[in-house]
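Working notes, beginning with the structure itself.
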Amino acid sequence: MSSRLNTELLSGLLFILIGSLFLIGSLDLSFGTLRRIGPGGFPAMVAVGVIIMGVIVALKGIRMGTAGEALRVNPSRVVIIIASIVIFGLTVRGAGLLISVALCSLIASFASRPFRPIAMGLYGLCLGAACSAAFILGLGMPVRIIGPWFGY
Amino acid sequence: METINALLLGLDQAIMPVNLFWCLIGALLGTLVGVLPGLGPAATMSILLPFTIGLEPVTSLIMLAGIYYGAQYGGSTTAILLNLPGEASSVVTAIDGYKMARKGRAGVALATAAIGSFFAGTVATLLLALFAPALAEVGLLFGPAEYFSLMILGLIASIVLARGSLPKALAMVFTGILIGMIGQDVQTAAPRFMLGYEELATGVNFVVVAMGLFGIGELIKDLEHTENRTAIKAPFFSMLPSREDWRRMAAPILRGTGIGSLLGLLPGSGALLAAFAAYAIEKRVAKPPEGFGNGAIEGVAAPESANNAGAQTSFVPLLTLGLPANAVMALMFGALIMQGIAPGPTLISDHPQIFWGVIVSMWVGNFMLLVLNLPLIGIWTKLLTLPFQYLYPAIIVFCAIGAFSLGNSVFDLWLLAIFSILGYIFTKLDCDAAPLVMGLILGPMLEENFRRAMFLSRGSLSIFVDKPISAGLLVAAVVVLALIVLPKFGSVRKEAFQE
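Take a look at the structure:
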């Protein structure tokens, strides 16, 4: 990654992007009058605020140049953690809480070393059983323990 | 007399078995997560919030409050035993507390922290009971213009303690406000920024945002640092402070309580500033000051009393004016709204059992922690030896189940994933998430009051400066902003975040 892209510049650009997206979104809405402000008026004002702040932050980043802190990311862990949440979402209704929790926990455990698949798989099942007992039997969460995918 | 009756009403609520039970559970869960490094009170509360929604409003608030002060106890435990402040407000405790532990006086340090916290909690509870109703009466005079200005002050104040530069923190506040605008407009029912997703009509649930930004975001960051976390076991024998210890801790506890109670009241400061200020003052009055940094008991007693007092009194602006003073209070604010209760000056008169119940329960909860925690310290420290490898999958599972159970909707899980990514990006870019959450929670009310005020004034912005209370609040906001920008205070702020 280019060393000119320090954290200040990147966060400035991110804010400019966020502000612009919301500003574009609010253009479809009525701004109303000052007396009767429409649904678009306030968000548009705030979005302009984000853009202005983003420009200030980005300018600071450009001024710092290579002196600024360079960004270091290791996205593999993020991807794994996000995947574990997504898997939970995809399976919780169909497979039921037990399996869904076990999968979520197993996938999450990929993010640390050493990775022991069998131990972590068993641990996930225990976690799933504990969660099923606590949340479904205990707190009445409206999900199946073993879902319809298994013929129940 | 009136105060005593009110406190009795609160005691009535607080010692109801169901409330007592959830207070204990909250305090223990809070301590547990406070002990585990990496998750602060805001993260803990956002992870556990979904599970409190099924409870009665007063019970759920009691439990959430328990998580908050429990986390503080837990945080100071790890600060003393392992030099790992579980949260920001026990950073200064670690300086002398850990030194005490290294000298074999961990038990005394923990006892001092617990005693100081309990004393401070008691005093702060009494102060709350005495002054909150009066403040709420002031709040009753507030119209839309005053509320708008009050929230501006609250948002600006929340930036004081944010990491990173001022423009960044402001940008985060604004971003939070914008995220709060997603969903149907309250006044016109026009869909806003929904991108066609009907699930967004009621807005993005703040719990999902807080969970993603605080909980999972922090967790991913921790995963990157697990290698260099070594648990150093400090030996500790005697829990009981000696006569000399008692003599030395008395004055610092009193001073810490006073400073903490005052600073806690200010929006934006809360427990963190209180602990820093108390430590700095003790260092100044100590003679000889050399003992500081080498295991001075004063260096544990004062900040621990101050952060507990500050934590307690930071409930005042929330419960009387409806103004959350920091991110944790903002989560409380959100929890109240989810329970269908509007936080604000009418809370005391409309729901006295909630107001007084929560206040007295904080005292009861602190007492339970004092009695229970000291014997349980052995268990807490054992937990630390639990490998993080087993811990974090469980935390992620809790987040997933919690987010899902908010509305039994898988959609919330997709949102959780998105905000977790965003949380990771923000941490990497050194943008503090707390101002964003403040903006998210206050945003909708900010807009509503702005629009109502503008309607009342027939479109003239001067309403915000013509009304004396509103003008005063705005002046206060400008002063706070100036303080941040001024180089002298700025350097102090930087120093506080060195850790």
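Residue numbers (the working numbering), protein chains in the order written: chain A, 1 to 152; chain B, 1001 to 1499. C-beta: ideal position from N, C-alpha, C; glycine also.
query = Distance, Cα to Cα, L1265 (chain B) vs F1131 (chain B)?
reply = Here residue 1265 (chain B) refers to the residue found at position 265 of the second sequence. Here residue 1131 (chain B) refers to the residue found at position 131 of the second sequence. Using only the alpha carbons, I get a separation of about 11 Å.
query = Buried or exposed: where does N1366 (chain B) fall if 16 or more other Cβ atoms within 10 Å of its Cβ makes it buried?
reply = Position 366 of the second sequence, counting from 1, holds the residue named residue 1366 (chain B). Under this definition N1366 (chain B) is a buried residue.
task = With DSSP as the reference, label G32 (chain A) as helix, strand or coil.
result = Taking the first sequence and counting its residues from 1, the one referred to as residue 32 (chain A) is at position 32. Three-state DSSP puts G32 (chain A) in a strand.
message = Under 8 Å, Cβ to Cβ, is there at least one residue of chain B near S2 (chain A)?
response = On the first sequence, residue 2 (chain A) is found 2 positions in, with the first residue counted as 1. The predicted model places S2 (chain A) with a pLDDT of 46, which falls under 50 and marks its position as unreliable; any figure quoted below should be read in that light. Closer than 8 Å: no.
inquiry  = Quick check on Q1389 (chain B) - is its C-beta less than 8 Å from some C-beta in chain A?
reply    = On the second sequence, position 389 is the one that residue 1389 (chain B) refers to. So, interface residue.
query = Is it true that the region 50-68 of chain A meets the region 1163-1172 of chain B, where meeting means three or more beta-carbon pairs spaced less than 8 Å apart?
reply = yes
inquiry  = If you measure between the beta carbons of L1321 (chain B) and L1150 (chain B), is that distance less than 8 Å?
reply    = The sequence position of residue 1321 (chain B) within the second sequence is 321, counting from 1. The sequence position of residue 1150 (chain B) within the second sequence is 150, counting from 1. Yes, Cβ-Cβ distance for L1321 (chain B) and L1150 (chain B) is below 8 Å.
task = Locate the alpha helix (DSSP H) running through Y1147 (chain B), then write down its first and last residues.
result = Translated into positions along the second sequence, residue 1147 (chain B) becomes position 147. That run of the alpha helix (DSSP H) goes 1144-1160.
task = Answer yes or no: does any C-beta atom of chain B fall closer than 8 Å to that of P39 (chain A)?
result = Reading the first sequence from its first residue, position 39 is the one you call residue 39 (chain A). For P39 (chain A), the answer is yes, since a Cβ of chain B falls inside 8 Å of its Cβ.
ask   = Quick one, which residues of the region 1462-1482 of chain B are near chain A if we go by CB-CB under 9 Å, in chain order?
value = none
key: Residues that P1191 (chain B) bridges to, as DSSP identifies them   = Counting from one through the second sequence, the residue named residue 1191 (chain B) turns up at place 191. Answer is B:Q1184.
request  = With 8 Å as the limit, tell me which residues of the region 1209-1225 of chain B have their beta carbon closer than that to any beta carbon of chain A; keep them in chain order.
outcome  = I1216, L1219, I1220, L1223, E1224
inquiry  = Strictly under 8 Å for the Cβ-Cβ distance: is P1167 (chain B) near chain A by that measure?
reply    = By one-based count along the second sequence, residue 1167 (chain B) stands at place 167. Cβ-Cβ to chain A under 8 Å: yes for P1167 (chain B).
message = Spatial neighbours of N1308 (chain B) within its chain, please: C-beta separation below 6 Å, excluding the five flanking residues on both sides.
response = Sequence index remark: in the second sequence, residue 1308 (chain B) carries index 308 (1-based). So the list reads S1117, A1120, G1121, once near-sequence residues are dropped.
message = If you reduce the DSSP assignment to three classes, tell me which class I85 (chain A) lands in.
response = Translated into positions along the first sequence, residue 85 (chain A) becomes position 85. Note: I85 (chain A) maps to helix in three-state DSSP.
message = Does the CB of K1428 (chain B) have a neighbour CB from chain A at under 8 Å?
response = Translated into positions along the second sequence, residue 1428 (chain B) becomes position 428. So, interface residue.
query = G1070 (chain B) and G1097 (chain B): beta carbons closer than 8 Å?
reply = On the second sequence, residue 1070 (chain B) is found 70 positions in, with the first residue counted as 1. On the second sequence, residue 1097 (chain B) is found 97 positions in, with the first residue counted as 1. Against a cut-off of 8 Å, the Cβ pair of G1097 (chain B) and G1070 (chain B) comes out as no contact.
task = Note down, in chain order, each residue of its chain lying with its Cβ closer than 6 Å to the Cβ of P142 (chain A), except the 5 sequence neighbours on either side.
result = If you number the first sequence from 1, residue 142 (chain A) lands on position 142. Taken in chain order, the list of residues that qualify is empty.
query = Expressed to the nearest angstrom, what Euclidean distance is found between the alpha-carbon atoms of F1142 (chain B) and F1411 (chain B)?
reply = Counting from 1 along the second sequence, the entry for residue 1142 (chain B) is found at position 142. Counting from 1 along the second sequence, the entry for residue 1411 (chain B) is found at position 411. C-alpha separation (whole angstroms): 38 Å.
8 Å Cβ cutoff, A133 (chain A) in contact with chain B = Numbered from its first residue, the first sequence carries residue 133 (chain A) at position 133. Answer no: the Cβ-Cβ gap between A133 (chain A) and chain B never drops below 8 Å.
task = Excluding the 5 residues preceding and the 5 following Q1312 (chain B) in the sequence, name in chain order all residues of the same chain whose CB lies nearer than 7 Å to its CB.
result = Position 312 of the second sequence, counted from the first residue, corresponds to residue 1312 (chain B). Taken in chain order, the residues that qualify are G1121, A1124, T1125, L1128, G1264, M1362.
inquiry  = Which complete alpha helix (DSSP H) runs does the region 1002-1083 of chain B hold, if anything under 4 residues is left out?
reply    = 1002-1014, 1017-1035, 1041-1048, 1057-1082
ask   = Got a sec: is the Cβ-Cβ distance from R77 (chain A) to anything in chain B below 8 Å?
value = As a working note, residue 77 (chain A) is residue 77 in the first sequence. By this cut-off, R77 (chain A) is an interface position.
query = Which value, in whole angstroms, describes the spacing of the CA atoms of L1481 (chain B) and D1012 (chain B)?
reply = Looking up residue 1481 (chain B) in the second sequence gives position 481. Looking up residue 1012 (chain B) in the second sequence gives position 12. Cα to Cα, L1481 (chain B) sits roughly 43 Å from D1012 (chain B).
inquiry  = Give me the subset of the region 44-60 of chain A whose CB atoms are less than 7 Å from a CB atom of chain B, sorted by chain position.
reply    = V46, A47, G49, V50, M53, G54, I56, V57
ask   = So with Cβ pairs under 8 Å, would you call E1056 (chain B) a contact of chain A?
value = Counted from its first residue, the second sequence places residue 1056 (chain B) at position 56. Output row for E1056 (chain B): interface = no.
ask   = Taking C-alpha atoms, which residue in B:I1177, B:I1159, B:A1134, B:L1064 lies nearest to L1446 (chain B)?
value = Here residue 1446 (chain B) is taken as the residue at index 446 of the second sequence, counted from 1. Among B:I1177, B:I1159, B:A1134, B:L1064, the Cα nearest to that of L1446 (chain B) belongs to B:I1177.
query = alpha helix (DSSP H) containing T1313 (chain B): first to last residue?
reply = Sequence index remark: in the second sequence, residue 1313 (chain B) carries index 313 (1-based). Per DSSP, T1313 (chain B) belongs to the alpha helix (DSSP H) from 1298-1313.
message = Among A:G147, A:L98, A:P43, A:P114, whose alpha-carbon lies nearest the alpha-carbon of G128 (chain A)?
response = The residue labelled residue 128 (chain A) in the question sits at position 128 within the first sequence. It is A:L98 whose Cα lies nearest to the Cα of G128 (chain A).
Uninterrupted alpha helix (DSSP H) stretches inside the region 87-146 of chain A (no shorter than 4 residues) = 97-108, 117-131
ask   = Leaving out the 5 sequence neighbours to the left and right, which residues in its chain are closer than 6 Å to P1324 (chain B) when beta-carbon positions are compared?
value = As a position in the second sequence, residue 1324 (chain B) is number 324, starting the count at 1. Cβ within range, chain order: L1318, A1330, F1333.
ask   = Applying a beta-carbon distance threshold of less than 7 Å, which residues of chain B neighbour G89 (chain A)?
value = Mapped onto the first sequence, residue 89 (chain A) falls at position 89. Those within 7 Å of G89 (chain A) in chain B are V1410, L1413, W1414.
task = Please list the partners that I118 (chain A) has in chain B, where partner means a Cβ-to-Cβ separation under 8 Å.
result = The residue given as residue 118 (chain A) occupies position 118 in the first sequence. Under the 8 Å cutoff, chain B gives no residues; its nearest Cβ is about 14 Å from I118 (chain A).
query = If you compare alpha carbons, which of B:S1076, B:P1444, B:P1144, B:T1052 is closest to A1453 (chain B)?
reply = Looking up residue 1453 (chain B) in the second sequence gives position 453. Ranking B:S1076, B:P1444, B:P1144, B:T1052 by Cα distance to A1453 (chain B) puts B:P1144 first.
task = Report the residues of the region 1017-1029 of chain B with a CB closer than 9 Å to any CB of chain A, ordered along the chain.
result = none
key: Residue range of the unbroken alpha helix (DSSP H) whose run includes M45 (chain A)   = Here residue 45 (chain A) refers to the residue found at position 45 of the first sequence. From DSSP, the alpha helix (DSSP H) with M45 (chain A) extends over 41-64.
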